């Protein structure tokens, strides 16, 4: 008879209803995800608008001999479009990351005016150009452009154009490193064109 007093077995069944609230927490998840997608897509599109091109060669294609040390060694024509709002000046760096002794700097040019949208072929190596832009020093320690002149094999040449929110307080003859330091915190966008040359 005393065994019947142990029949408080129903309590375990009271724990079953605790599982029912779980589906409620899943409902807010679909509503929050769409709001984070569109801003990132817009940012990507904005970054793709600023483009640098050349009529002398296409992106990742060979640079004509005319623009190398085996030819006339003149700078190629460059054109860019749709810089971001607030652009006050442009700066240009051309370098070769495949050089055997480390990256070789071929061209440093800065304080191009905001209204500029192109550079003609054969930009003069004058210390200060008529538009107010200034040449820096390349790895040959010379002002202006120095064309591809690899010791052998195929090298890549990066033309990097920066849209800046200010004119730079740099004298003529600044190095690439000095330019990069001066541009810190002032770069609005960057456009890259890559050419190759083989010897």
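In my numbering, the protein residues as written are 83 to 281.
All C-beta atoms in this analysis are idealised placements derived from N, C-alpha and C, irrespective of residue type, glycine included.
Everything numeric in this text was worked out from a predicted model, so none of it was measured.
From residue 203 to residue 186, what distance separates their C-alpha atoms? 21 Å
Would a check of beta-carbon distances place residue 244 closer than 8 Å to chain D? Of the chains in the structure shown, none is chain D; there is only one protein chain.
Mind checking whether the beta-carbon of residue 223 lies closer than 7 Å to any heavy atom of the ligand SAM? No copy of the ligand SAM appears in this structure; indeed no ligand is present at all.
Roughly how many angstroms lie between the CA atoms of residue 237 and residue 171, to the nearest whole one? 29 Å
Check whether the Cβ atoms of residue 210 and residue 216 sit closer than 8 Å, and answer yes or no. yes
Give the DSSP-derived three-state secondary structure of residue 251 in the structure shown. coil
If you draw a straight line from the C-alpha of residue 160 to the C-alpha of residue 223, how long is it? 23 Å
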